[in-house]
Amino acid sequence: MNAIYLMLIGLAAMALGYFVYAKFICEKIFKVDPKFLTPAHELNDGIDYVPTNKYVLWGHHFTSVAGAAPIIGPAIAVIWGWVPAFVWVVLGTIFFAGVHDAGGIWASNRNQAKSIGSLTGDIIGKRARSCFMIVIFLLLLMVNAVFAVVIARQLISFPSATIPVWGAIVVALIIGQLIYRRSIGLMSVTLLGVIALYAMIYVGAKLPFSLPEQVAGLNANQSWIIILFAYAAIASLLPVWVLLQPRDYINGIQLFIGLILFYGAVLAAGPEIVAPPFNTDLPEGTPSIVPILFVTVACGAISGFHGLVSSGTTSKQLDKEPDLRFVGYFGAVGEGALALSAIIATAAGFATLGDWQAIYYSFGQGGVGAFIQGGANILRQGLGLDNVLAETLLTVMVVLFAGTTMDTSLRLQRYIFQEWGVIYRIGWLQKPLQATLLAVGSCLLLAFGVGGDGSGGLLIWPLFGTTNQLLAGFTLLVITVMLVKRGRPMWYTLAPLLFLLVMTTLGLLIQLKSFYNQQDWFLLSLDIVVLIAAILISLESSWVLGKQIKANKAEAVNR
Amino acid sequence: MKLSDLKALFDRADHCAEEFYNAPYRAAIARARREQDDLFMLLVFSEMMGVPNPVSYYTLELQPILLERFHDWHQRMGMEHSPLDHIKCC
């Protein structure tokens, strides 16, 4: 089958989901009201609550939720064949992620734009909120440790990316200074920034840079991980306008350009899919497709992280309630399109089935590397780019995503430590520097604590999926309870919630067994923590929903 | 397309890009700016509260301009009412 069909079917299905299903959900279930005074207007303070144009808000939402995860997950999942990954990404985007993201904005918007954490406390209870905090902390820890490993590996495998990846930071620093100190129009600065970034990709392809094999007893992988954490710690301590803001901006622009280039190349080249539709010849040690597929592909199908953005900043800036369909649901479609590009790159980017099998020789091997190699082949065929240049382009794209996510999540982790400092009245923990050092320290402990080569984060990747899905469960639960309270149909959010809970719990149990067999006590204990959280959520869900349904029935009888 | 249309289009794109740039960080930057303003306010009013101010000569004449913002500031600093006898804003 030609990849063009896969691309057209996938994009058309997601577009149909937006025009038909999302319209139904927003108008008939959420009953969005154009006259509803959104918190952005009601509480407009020019700081947190600011009514924002829906296209701008979509750009903010989409670039905030899109990280390296929608690439890593699908690229690994193609090992079971491209059909399961494709079906889960498309259906997951339409029936799970879109409803979850738009619903997250709706729930928050109807509650003074509160975050999903405080909504969990208000609507479900204090126990659930404590559970939520633990899940968030674990998730941030995993994101930081995993992304550091992913970036380090890419910088070693593709040394041509070193100059553009680190150069992008210099470009961002200059953009930040130009905008704030010189007040130059943003479009001119953007053009200059994009040209500089792509010029560096060209230079990087000509001048690859690798770290020496051994520095002070550390190999290149370990050295890169330590450098990355040192950078992330500094970045998270700097004022946001200096580095994070311009870096996120230029990264967002690059995401749009990268997606257009990739899909353009697929259209021009029309590569044939070489990966099997269903892989019957699975390498030894590959876990069962059910339930691991549904926890491996989290972002791109459904991701709890989106709920944090939806209720954190997006809902505070919603101009009109009907905009949440475009911002939330179409934001999920954007991420689905990114995940689809990862599936196409890894399924159609190789010349023969043998080449594909050489990459996918064991579970977890075909991640970002397969996306970069396969995607580069498609870019070469479609746009006539030099192979090294195409590989550098995609590596820079992946690394910049992972890098900006790392900056932000390290900052968030620091906030959690500072918050604990306030709660437990520990003075020194409330200071940014100490809290940052603790955040970095915990990530390094995870990265080097398991295995010693710094890749500890990657081993827990399957736990990232389950933790992330649990977070999505929290958001879906809040939305479902709100729907039941209003006497509306609940199955459109309850069905995805039940599906996620069953798959997550199954996934955790299977992993528990394998960690026990491997005598990996560290991962076993982490698994147990997440499992307890999953069980608590299931119990809380049934208890809260049961109580609400009973109350509704009693009210109906009294009436 | 006329040159003026093109310029209008560029200006609109510039406006949208600016919004896209600021939307995620509006709150963080506003807060950082407010903290700087608070520190500045402390410098301007410090002498009246008995804190030696090394730049009092320059800040004295700014006090009337900042009086309107004084109320918000002392509340953020944790003082329910104005700490200064001769400035009673609340």
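Residue numbers (this note's numbering), protein chains in the order written: chain E, 1 to 559; chain W, 1 to 90.
Beta carbons: idealized from backbone N, C-alpha and C, even for Gly.
Everything numeric in this text was worked out from a predicted model, so none of it was measured.
With a threshold of 7 Å on Cβ separation, who are the neighbours of residue i within its own chain once the five nearest residues in sequence on each side are excluded?
| i | result |
| --- | --- |
| Phe-363 of chain E | Ile-79, Pro-283, Gly-285, Thr-286, Pro-287 |
| Gln-254 of chain E | Leu-197, Met-397, Leu-400 |
| Ile-344 of chain E | Ala-3, Leu-6, Met-7, Val-266 |
| Ile-76 of chain E | Thr-296, Gly-364, Gly-366, Gly-367 |
Taking C-beta to C-beta, are residue i and residue j nearer than 8 Å?
| i | j | result |
| --- | --- | --- |
| Gly-473 of chain E | Leu-501 of chain E | yes |
| Leu-476 of chain E | Leu-506 of chain E | no |
| Ile-549 of chain E | Ala-107 of chain E | no |
| Leu-318 of chain E | Leu-57 of chain E | yes |
| Leu-508 of chain E | Asp-527 of chain E | yes |
| Ala-168 of chain E | Ile-250 of chain E | yes |
| Leu-228 of chain E | Leu-173 of chain E | no |
| Ile-94 of chain E | Met-14 of chain E | yes |
| Ile-225 of chain E | Gly-454 of chain E | yes |
| Leu-308 of chain E | Ala-102 of chain E | no |
| Ala-23 of chain W | Thr-52 of chain E | yes |
| Ala-435 of chain E | Gly-421 of chain E | yes |
| Ala-534 of chain E | Ile-134 of chain E | no |
| Lys-316 of chain E | Asp-48 of chain E | yes |
| Leu-389 of chain E | Ala-205 of chain E | yes |
| Ile-537 of chain E | Ser-311 of chain E | no |
| Val-83 of chain E | Gly-10 of chain E | no |
| Asn-109 of chain E | Glu-321 of chain E | yes |
| Ile-460 of chain E | Leu-523 of chain E | yes |
| Ile-257 of chain E | Met-200 of chain E | no |
| Lys-54 of chain E | Phe-326 of chain E | yes |
| Asp-37 of chain W | Met-77 of chain W | no |
| Gly-193 of chain E | Ile-175 of chain E | yes |
| Gly-88 of chain E | Ala-301 of chain E | Correcting the residue identity first, residue 88 of chain E is Trp in this sequence and not Gly. For Trp-88 of chain E and Ala-301 of chain E, yes; Cβs fall inside 8 Å. |
| Arg-605 of chain E | Thr-404 of chain E | Since the first residue of chain E shown is 1 and the last is 559, residue 605 of chain E is not available in this structure. |
| Leu-338 of chain E | Leu-437 of chain E | no |
Report back the beta-carbon spacing between residue i and residue j to the nearest angstrom; my notes put them in contact at under 8 Å.
| i | j | result |
| --- | --- | --- |
| Ile-105 of chain E | Gly-328 of chain E | 5 Å |
| Gly-336 of chain E | Ala-97 of chain E | 7 Å |
| Ala-439 of chain E | Leu-483 of chain E | At roughly 37 Å, the Cβ-Cβ gap does not stay under 8 Å, so Ala-439 of chain E and Leu-483 of chain E are not in contact. |
| Ile-359 of chain E | Ala-370 of chain E | 5 Å |
| Val-240 of chain E | Ala-28 of chain W | 5 Å |
| Gln-112 of chain E | Ala-269 of chain E | That belief does not hold up - the Cβ atoms of Gln-112 of chain E and Ala-269 of chain E are roughly 50 Å apart, past 8 Å. |
| Tyr-21 of chain W | Gln-357 of chain E | With 8 Å as the limit, Tyr-21 of chain W and Gln-357 of chain E do not qualify as a contact, their Cβ atoms being about 45 Å apart. |
| Arg-94 of chain W | Val-50 of chain E | The question about residue 94 of chain W has no answer, for chain W in this structure spans 1 to 90. |
| Gly-92 of chain E | Phe-278 of chain E | Not quite, the Cβ-Cβ distance comes to about 18 Å (not below 8 Å), so this is no contact. |
| Asp-14 of chain W | Met-187 of chain E | 4 Å |
Below 6 Å CB to CB, which residues in the same chain sit around residue i once its five sequence neighbours on both sides are set aside?
| i | result |
| --- | --- |
| Ala-402 of chain E | Ala-68, Phe-147, Val-150, Ile-151 |
| Leu-385 of chain E | Leu-379 |
| Val-143 of chain E | Ser-409 |
| His-306 of chain E | Val-65, Asp-101 |
| Ala-342 of chain E | Ile-71, Pro-74, Ala-75, Phe-371 |
| Phe-30 of chain E | Trp-106 |
| Thr-392 of chain E | Ser-160, Ala-161, Ile-201, Gly-204, Ala-205 |
| Asp-45 of chain E | none |
If you drop the 5 nearest sequence neighbours on each side, which residues of the same chain put their C-beta closer than 8 Å to that of residue i?
| i | result |
| --- | --- |
| Gly-560 of chain E | In the structure as shown, chain E starts at 1 and stops at 559, and residue 560 of chain E therefore has no counterpart that could be examined. |
| Leu-353 of chain E | Val-274, Ala-275, Pro-276 |
| Leu-531 of chain E | Thr-505, Leu-508, Leu-509, Leu-512 |
| Leu-84 of chain W | Phe-45, Met-48, Met-49 |
| Pro-432 of chain E | Leu-237, Arg-414, Gln-418 |
| Gly-59 of chain E | Gly-252 |
| His-71 of chain W | Ser-82, Cys-89, Cys-90 |
Less than 8 Å between CB atoms is the rule here; does residue i satisfy it with respect to chain A?
| i | result |
| --- | --- |
| Ser-183 of chain E | Of the protein chains in the structure, E and W, none is chain A. |
- Stretch-stretch touch, CB-based, cutoff 8 Å, three pairs: the region 198-215 of chain E with the region 141-148 of chain E: No, the region 198-215 of chain E does not touch the region 141-148 of chain E.
- Task: Anything in the region 144-172 of chain E with a Cβ closer than 9 Å to a Cβ of chain W? List those residues in chain order, please.
- Result: Taking 9 Å as the upper bound on Cβ-Cβ separation, chain W lies near no residue of the region 144-172 of chain E.
- Any residues in the region 212-240 of chain E with a beta carbon nearer than 9 Å to a beta carbon of chain W? Which ones, in chain order? Per Cβ criterion, the list reads Pro-239, Val-240.
- chain E contacts from the region 11-33 of chain W (Cβ-Cβ distance under 9 Å): Result list: Asp-11, Ala-13, Asp-14, His-15, Cys-16, Ala-17, Glu-18, Glu-19, Phe-20, Tyr-21, Asn-22, Ala-23, Pro-24, Tyr-25, Arg-26, Ala-27, Ala-28, Ile-29, Ala-30, Arg-31, Ala-32.
- Query: What residues from the region 35-56 of chain E come within 8 Å of chain W, judged by C-beta to C-beta, listed N to C?
  - Reply: Residues of the region 35-56 of chain E that bring their beta carbon within less than 8 Å of a beta carbon in chain W comprise Gly-46, Ile-47, Asp-48, Val-50, Thr-52, Asn-53, Tyr-55, Val-56, in sequence order.
- Message: Counting only Cβ-Cβ distances shorter than 9 Å, please list the residues of the region 243-265 of chain E near chain W, keeping chain order.
- Response: Answer in chain order: Leu-244, Gln-245, Pro-246, Asp-248, Tyr-249, Gly-252, Ile-253.
- Members of the region 309-320 of chain E near chain W, C-beta cut-off 7 Å: Answer in chain order: Thr-313, Gln-317.
- Would you check if there are 3 or more beta carbon pairs closer than 8 Å linking the region 111-126 of chain E to the region 460-470 of chain E? Cβ pair count under 8 Å is below three, so no.
- May I ask you to list, following chain order, the residues of the region 447-471 of chain E that have a beta carbon less than 7 Å from some beta carbon of chain W? Listed by position along the chain: nothing, the set is empty.
- Message: Tell me which residues of the region 275-308 of chain E have at least one Cβ-Cβ distance to chain W shorter than 7 Å, keeping chain order.
- Response: Against chain W - using a Cβ distance shorter than 7 Å - the region 275-308 of chain E contributes no residues.
- Interfacial residues, the region 186-203 of chain E to chain W, with Cβ spacing under 7 Å: For the region 186-203 of chain E, the residues whose beta carbon sits under 7 Å from a beta carbon of chain W are, in order, Leu-186, Met-187, Thr-190.
- If contact means a Cβ-Cβ distance below 9 Å, which residues of the region 80-100 of chain E contact chain W? Those residues of the region 80-100 of chain E that come within reach of chain W (Cβ to Cβ, closer than 9 Å) do not exist; the list is empty.
- Pull out every residue of the region 60-72 of chain E whose Cβ sits closer than 7 Å to any Cβ of chain W, in chain order. Listed by position, the residues of the region 60-72 of chain E near chain W (Cβ gap below 7 Å) are His-60, Ser-64.
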